[in-house]
Structures are given as C-alpha cells and as structure tokens.
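2 protein chains.
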Amino acid sequence: MKIDYTYKYPRPAISVDNVMLGYADGALKILLVHRTNEPYSGKWALPGGFLHEGESLSECSVRILKEKTGLENPFMEQLYTFGAPDRDPREHIISVTYFVLINHFPVVENNAEKVDQVAWFPWSELPDVAFDHAAIIRVAIDRIRAKIRYSPLAFELLPEKFTLSQLQTLFEVILHQTLDRRNFRKKLLSMNILQELNETTTKKVGKPAVLYAFDKKKYDTMLQQQIYFEL
Amino acid sequence: MKIDYTYKYPRPAISVDNVMLGYADGALKILLVHRTNEPYSGKWALPGGFLHEGESLSECSVRILKEKTGLENPFMEQLYTFGAPDRDPREHIISVTYFVLINHFPVVENNAEKVDQVAWFPWSELPDVAFDHAAIIRVAIDRIRAKIRYSPLAFELLPEKFTLSQLQTLFEVILHQTLDRRNFRKKLLSMNILQELNETTTKKVGKPAVLYAFDKKKYDTMLQQQIYFEL
DNA sequence: TCAATTTGTGTAATTATTACGCAAATATAA
DNA sequence: TTATATTTGCGTAATAATTACACAAATTGA
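Those protein sequences? They're chains E and G, same order as listed. The working numbering applies: residue 5 is where the first sequence begins, and numbers increase by one. The working numbering applies: residue 5 is where the second sequence begins, and numbers increase by one.
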C-alpha cells in the first residue's frame with residue numbers, strides 16, 4: 005500500500021549532503037560515492053540522501069554517514085544550504101550540507117550495509133562530480149582553511165596521538181604554505197592545549213619523535229578565560 | 005480553482021527568516037514583525053515567509069525583505085539552517101536564515117505594501133519572540149560579533165559618511181568592550197581602507213569631526229594582496 | 001662506523017600592541 | 001565676550017608577539 009502526501013503549495017525536496025574530509029598519506033582526501041542511478045549515473049557525488057520524516061538535519065546527516073560508511077560519532081558542522089532551483093535536474097531539491105572530519109580511515113571498507121562504491125579522493129585530484137557538488141566541496145575547503153586557524157579542527161583530522169611534525173605538516177597542507185618548525189612548536193606548546201605523552205614514534209628513519217595528544221580539558225579552560233586558539 | 009501537490013514521501017515546508025540588524029541611537033536593533041495569526045498570535049517574530057516555487061533561497065530572502073519592509077539591495081549573508089522537527093507547532097518547517105545589515109533606517113515606515121506591524125527592538129531588550137527565533141537571533145549576534153573583527157561588516161551598519169568616533173562606538177557596542185581612541189584610530193587608518201572626506205560634522209557640542217567613507221576599491225586591493233581586515 | 005634522515009632547541013631583530021594626557025575646536029551658558 | 005563643557009585629534013615609550021635563522025642528537029640502513 006502506497007500513501008501519498010499532498011500539500012496546497014509545491015514543496016522542494018530536502019536532502020543532506022556531507023563533505024567528509026580525512027587526512028592520509030600527507031594529503032587531504034574527500035569521500036565520494038559512485039552513482040549508479042540517474043541523474044548523473046556513473047559520476048561521483050557526495051554521500052547524501054533525503055531527509056526522513058521526523059528527522060532533524062543533523063540526525064539525517066549522522067544517519068547517512070552511518071549508512072554509507074559505517075562511521076559513528078563523527079565530528080561535524082553544518083556548512084551551508086544550497087537552494088538554486090536548477091541545481092538538480094529532476095526538481096527543486098534543497099541541500100543542507102555538513103562537513104565531517106575524521107581521523108581514522110578504514111571506516112569505509114568494513115561496512116556491511118553499504119551498497120554503493122565509495123572511495124577517497126585527494127582534494128587536488130577530484131573527479132568530475134555530480135550536481136553542484138564541486139561548488140559545495142569548494143565552500144567546505146574554504147571554510148576549513150579559514151577555520152583551522154582559529155579553532156582546533158586540526159586535531160579532528162589526526163589520530164589521537166600525533167607528533168608535532170605531523171601536526172605541522174597538516175597545517176601546511178591545508179593552508180598551502182610552509183611554516184617554520186621552531187616557531188610552530190613554540191607557538192603550539194605555548195598554547196598549553198597539548199598533552200605530552202611519554203611515548204615516541206618508531207619509524208624507519210630519523211630521530212624518534214615525542215607523541216602528543218590534544219587536551220580538550222585544557223582547551224575548554226582556555227576558552228573560559230576568553231583566550232582563543234589562533235595559529 | 006485549487007491545485008494540490010502530491011509527493012510519495014512527506015516533505016517539510018521551507019521558510020526563510022531574516023535577522024535584520026540596524027544601528028541607531030548607539031544601540032544595535034533588530035526588526036521584528038507582530039504576528040496576528042496563529043501560532044504565536046500576538047507575539048513578535050522575525051520577518052520570514054515560505055519559499056515560493058522556482059525561487060532560490062536568497063531570492064526568497066530578498067523578496068520577504070521587500071514585502072515586509074520595502075528594503076532593496078540589502079547586505080545579507082546566509083546564517084544557518086534550523087530544522088528540528090518540533091520547531092514549529094504546526095508541522096515540520098525548515099528555516100533557512102539570513103542576517104541582514106542595514107545602515108539607514110526609515111525603510112520600515114514608508115512601505116505601502118506592508119500589512120503587519122513592524123518595529124525595531126534594541127538587542128538587549130527583545131520581547132518574548134515566537135518559535136525558536138530567540139535561538140536564531142542569538143546565533144546571528146554571535147556570528148556578527150565574531151565576524152566584525154575580521155571582515156568589514158561594520159561599514160554596512162553605518163551611513164556612508166561617518167566619523168571615526170562613530171565607528172569606534174559601533175565596535176564597542178557590538179564587542180561589548182571599550183577601545184582606546186588613539187589606538188583605534190591608528191589601527192583603522194593604517195589599514196588604508198578609509199577615504200578621508202573633506203567634510204566635517206556639525207554638531208551641538210564639541211570639536212567637529214572629520215568624515216570618512218569605506219573605500220571598497222582599496223579594500224579589494226588589500227584582499228588581493230592577501231592582507232586581511234582584522235581589528 | 002658512516003651516511004642519511006628527522007627531531008629538538010635559543011636568541012637576536014623586527015614588528016605589533018598597549019598604555020597614557022593634553023591642546024584645539026566648537027556650542028552653550030553666564 | 002568670556003568661561004565652561006564637550007568632543008576631536010594626535011605621539012611616544014614600554015611591552016609583547018612574531019619572525020628569521022643553524023646545529024647537535026637520535027635513529028635506521030648501507
């Protein structure tokens with residue numbers, strides 16, 4: 005049995021699309037889903053879907069992430085809402101978008117429910133994407149590039165334990181500029197938001213590096229004192 | 005003749021709500037509309053309305069502003085999208101919100117089409133407002149307070165010609181802190197984004213002040229050189 | 001044990017920010 | 001017309017933040 009829903013005025017559909025960003029192999033990557041349905045069948049697109057009844061926007065985003073990638077408890081923020089009437093060839097669909105930062109990668113592979121093929125693409129080598137998703141991705145990158153300077157987003161992209169060099173490289177990749185190592189370390193350590201662990205990395209080559217963790221408690225204390233993160 | 009619109013799945017309605025901010029008499033003010041229909045009849049609310057067919061979100065915002073206040077060519081930016089299923093007692097209505105900054109005030113009075121009563125309220129003395137509009141207003145104020153520090157929003161709130169004291173007072177009101185006059189002037193003038201006019205104010209009392217105008221051309225040049233406004 | 005690689009550290013020079021007080025121009029009241 | 005109240009416009013010294021820059025120590029692999 006099929007029920008239809010009837011309204012006095014036309015209503016656009018509402019979808020939620022997610023820009024999932026991960027950092028691996030020294031590059032920022034974006035997760036895309038391979039479309040097998042029209043429109044844009046065969047193209048890659050952001051993981052998204054339609055809003056369900058009784059669902060809030062953020063609930064919808066979380067559900068979609070779970071369905072498409074198995075990811076739970078992601079760090080996410082609402083990005084922007086796109087509503088040009090012609091952005092979807094089928095009909096007017098308004099897309100509320102979120103960006104999602106993740107720090108561990110295999111999420112994608114081990115999800116039983118997933119049907120569509122998904123893959124990570126380096127942000128500098130994105131394929132041709134469906135709909136206005138290229139514009140959405142650009143807005144996401146701009147937002148993250150700006151925001152990583154004044155809010156602790158970077159730690160969401162790294163594993164829990166990281167070296168200062170890894171942190172610096174991440175900033176360099178996102179900001180697209182090189183930073184002085186000594187000044188970077190001085191600044192980050194003086195902020196007093198990192199917890200020094202007494203562990204070091206074991207690597208193939210070079211002096212082992214001390215591992216650090218982001219200390220959210222210290223960070224919140226800092227915020228209360230109206231001192232803000234700023235690179 | 006009445007046509008109905010039918011869909012396979014339920015669709016929330018989509019509205020656009022605007023937080024209009026103006027600066028007058030040394031205070032930031034917000035424009036509210038007095039509701040005469042249910043729900044929340046008798047309460048004040050943000051000027052908003054439903055999205056029309058074929059309309060983009062920003063077009064909708066512009067249309068509503070025109071209808072409710074007569075204002076044209078406003079400075080506006082998308083703020084956030086609110087979508088909790090219970091935010092409207094009637095049904096699920098998603099609200100895409102914009103903030104609008106205006107620098108000349110009588111807009112409100114001389115609009116023939118307007119039906120509802122509208123009024124400006126100082127942001128510190130807002131009445132009890134309908135729906136989740138108090139939350140929306142809070143988000144708008146937080147956003148403006150943050151953004152005025154690193155983008156030239158302030159000039160949208162002042163008349164075209166203004167004195168440095170007026171500009172300073174505006175910052176003081178929004179940031180809720182006092183600023184040193186000499187340092188403020190030094191900083192703003194050193195940015196080289198103001199055009200000094202050879203006019204002065206004529207006031208009741210005190211030394212006349214030189215008028216300045218925001219120089220958008222200089223500002224854009226600055227942006228291109230990757231130098232950013234920052235208070 | 002030598003070479004290659006990566007980490008970890010200090011200081012001096014430069015630039016930006018802060019703190020602070022007084023004279024000049026005007027309107028108003030005496 | 002003179003005195004008073006008010007507001008503008010301006011400079012400097014002290015402090016804090018940012019920048020530029022090089023070498024020794026710890027490790028791996030040859």
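All C-beta atoms in this analysis are idealised placements derived from N, C-alpha and C, irrespective of residue type, glycine included.
Check: Backbone CA spacing between residue 235 (chain G) and residue 225 (chain E) [nearest angstrom]; Outcome: 24 Å
Check: Buried or exposed by the 16-neighbour rule on C-beta atoms within 10 Å, applied to residue 79 (chain E); Outcome: exposed
Check: Ranges of the beta strand (DSSP E) found wholly within the region 23 to 67 of chain E, counting only runs of at least 3; Outcome: 31 to 38, 52 to 54
Check: Which of helix, strand or coil DSSP assigns to residue 203 (chain G); Outcome: strand
Check: Chain E within 8 Å of residue 114 (chain G), Cβ atoms only; Outcome: In this prediction, residue 114 (chain G) scores a pLDDT of 49, lower than 50, which makes its location untrustworthy; the coordinate-derived value is nonetheless stated afterwards. It does not; no Cβ of chain E falls within 8 Å.
Check: Assigned secondary structure, residue 173 (chain E) (DSSP; H/G/I helix, E/B strand, else coil); Outcome: helix
Check: Residue 77 (chain E) versus residue 176 (chain G) - alpha carbon distance; Outcome: 40 Å
Check: Cα-Cα separation, residue 23 (chain E) to residue 143 (chain E); Outcome: 10 Å
Check: Exposed unless 16 or more other CB atoms sit within 10 angstroms - verdict on residue 40 (chain E); Outcome: exposed
Check: Neighbourhood of residue 122 (chain G) by C-beta, 8 Å cutoff - its chain only, sequence neighbours within 5 removed; Outcome: 35, 36, 37, 38, 51, 72, 73, 112
Check: Residue-level contact to chain G via CB, residue 8 (chain E), 8 Å cutoff; Outcome: yes
Check: Proximity test, Cβ basis, 8 Å: residue 164 (chain G) and chain E; Outcome: no
Check: Close-in-space but distant-in-sequence residues of the same chain around residue 151 (chain G) (CB under 8 Å, 5 per side omitted); Outcome: 157
Check: For residue 171 (chain G) and residue 186 (chain G), the rounded distance between their alpha carbons; Outcome: 13 Å
Check: Environment of residue 96 (chain E) [buried if 16+ CB atoms lie within 10 Å]; Outcome: buried
Check: Residue 88 (chain E) at chain G interface by Cβ criterion, 8 Å; Outcome: yes
Check: Presumed contact (8 Å Cβ cut-off) between residue 155 (chain G) and residue 233 (chain G), rounded CB distance; Outcome: 6 Å
Check: Interface partners of residue 81 (chain G) on chain E, CB under 7 Å; Outcome: Simply none; closest approach about 10 Å.
Check: Cross-chain neighbours of residue 60 (chain G) in chain E, by beta carbon under 7 Å; Outcome: 87, 88, 89
Check: For residue 168 (chain G), the residue or residues it bridges with in DSSP; Outcome: Partner(s): none; residue 168 (chain G) has no beta bridge.
Check: Boundaries of the alpha helix (DSSP H) in which residue 143 (chain G) is found, first to last residue; Outcome: 137 to 151
Check: Extent of the continuous alpha helix (DSSP H) to which residue 193 (chain G) belongs; Outcome: 185 to 195
Check: Sheet register partners of residue 80 (chain E) (DSSP bridge); Outcome: E:104
Check: Proximal chain G residues relative to residue 94 (chain E), where beta-carbon distance stays under 8 Å; Outcome: None at all; the shortest Cβ gap to chain G is about 12 Å.
Check: Whether residue 61 (chain G) touches residue 104 (chain G) by CB criterion (8 Å); Outcome: no
Check: Residue 10 (chain E) to residue 20 (chain G) span [Cα, whole Å]; Outcome: 22 Å
Check: Neighbour list for residue 191 (chain G) in chain E, Cβ cutoff strictly below 7 Å; Outcome: The premise fails here: residue 191 (chain G) is roughly 18 Å from chain E at the closest Cβ pair, so nothing lies under 7 Å.
Check: Of the residues E:203, E:56, E:165, the one placed nearest residue 13 (chain G), counting alpha carbons only; Outcome: E:56
Check: Residue range of the alpha helix (DSSP H) that includes residue 158 (chain G); Outcome: 158 to 161
Check: Residue 138 (chain G) classed as buried or exposed, judged by whether at least 16 other C-beta atoms fall within 10 angstroms; Outcome: exposed
Check: Endpoints, beta strand (DSSP E) assigned at residue 10 (chain E); Outcome: 9 to 11
Check: Cβ of residue 148 (chain E) within 8 Å of any chain G Cβ; Outcome: no
Check: For residue 69 (chain E), the three-state DSSP class (helix, strand or coil); Outcome: helix
Check: Burial state of residue 114 (chain E), where buried means 16 or more other Cβ atoms lie within 10 Å; Outcome: Caution applies to residue 114 (chain E), whose pLDDT of 49 falls short of 50 and renders its modelled position unreliable; the value that the coordinates give is listed next. Residue 114 (chain E) comes out exposed.
Check: Beta-carbon spacing of residue 85 (chain E), residue 68 (chain E) below 8 Å; Outcome: no
Check: For residue 227 (chain E), three-class secondary structure by DSSP; Outcome: helix
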